[in-house]
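Chemist:
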Amino acid sequence: MYGGPLTELIYQSKYHGVWPIAALLGQQLGALPRPWMGPSPVAVPIPLSRRRLARRGYNQSAIIARMAARHWGISMRERWLEKIRNTPRQAALGRASRRENLSESFRANRAVAHQRVILLDDIMTSGSTLREAIRAIHCCGGQVIGAAVIARVGASAYGLKP
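Add 331 to a position in the sequence shown, counting from 1, and you land on the number used in our numbering.
(1) One question on the structure: do Ile449 and Pro366 come within less than 8 Å of each other, judged by their Cβ atoms?
(2) Run through the stretch 396–463 for me and flag every whole beta strand (DSSP E) of 3 or more residues, listed as ranges in chain order.
(3) In whole angstroms, what is the alpha-carbon distance linking Trp411 and Ala444?
(4) Quick one: what does DSSP say Arg483 is sitting in, helix, strand or coil?
(5) Does Ala385 pass the burial test, meaning 16 or more other C-beta atoms within 10 Å, or should it be called exposed?
(6) DSSP three-state label for Pro376, please.
(7) Would you grab the beta carbon distance between Val349 and Gln358 for me? Rounded to a whole angstrom, and I think it's under 8 Å.
(8) In terms of alpha-carbon separation, which member of Gly361, Thr418, Lys345 and Ile476 lies closest to Gly388?
(9) Quick one: Cα of Phe497 to Cα of Gly335, how far?
(10) According to the neighbour-count rule (16 or more other Cβ atoms, all chains shown, within 10 Å of its Cβ), is Leu356 buried or exposed?
(11) Got a sec? Which residues, its chain only, sit under 7 Å from Pro378 by beta carbon, not counting five neighbours each side?
(12) Could you check which residue in Ala439, Glu435 and Ala482 has the C-alpha nearest to that of Ser457?
(13) Where do the ends of the alpha helix (DSSP H) carrying Arg365 lie?
(14) What residues in its chain sit with their C-beta under 7 Å from that of Ser392, if we drop five residues either side in the sequence?
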């Protein structure tokens with residue numbers, strides 16, 4: 332669950348340029364048992380828009396994905412999913428606005444076709460980001476077999492089950 336010291340770590344890695352924290356969080360995620368069964372998937376991080384990536388200088392979710400994938404012994408493909416629209420930050424929006432904000436904002440690369448994918452991100456709140464990423468990957472013929480996140484915000488507030 333999101334809260335306490337974890338909140339500050341994610342905040343520092345995301346908004347204050349302390350990217351080594353994202354690497355540490357990815358290592359910790361990768362130390363957990365593999366969150367899938369069957370053939371190994373390819374790790375795909377949730378991308379930032381080009382504008383946000385240029386401003387921040389790095390994608391914390393890609394750093395998390397790279398480290399977790401290394402620990403799990405699977406490959407990571409950062410360019411298999413692209414954010415094609417610059418959208419307002421999700422953190423300031425309610426559930427309905429989050430879904431609308433991200434509608435049609437991701438595009439998957441054709442290389443994802445017939446591939447098993449596990450999505451990786453830093454925080455899950457309403458699930459809107461993951462839903463849109465899954466939609467884009469499915470549109471290109473990929474199969475999302477799961478998602479791994481560092482933290483999950485107030486699941487009960489959004490009607491999600493832990």
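We treat Cβ as the ideally placed atom computed from N, Cα and C, and that holds for glycine.
Modeler: Looking at the atomic coordinates:
(1) yes
(2) 412–414, 437–439 and 447–455
(3) 10 Å
(4) strand
(5) exposed
(6) strand
(7) Rounded to the nearest angstrom, the Cβ distance from Val349 to Gln358 is 15 Å, too far for a contact under 8 Å.
(8) Lys345
(9) With the chain covering 332 to 493 only, the question about residue 497 has no answer from this structure.
(10) buried
(11) Asn390, Leu412, Glu413 and Lys414
(12) Ala482
(13) In the DSSP assignment, Arg365 falls outside any alpha helix (DSSP H), carrying neither H nor E.
(14) Contacts found: Pro376, Ile377, Leu451, Asp452 and Asp453.
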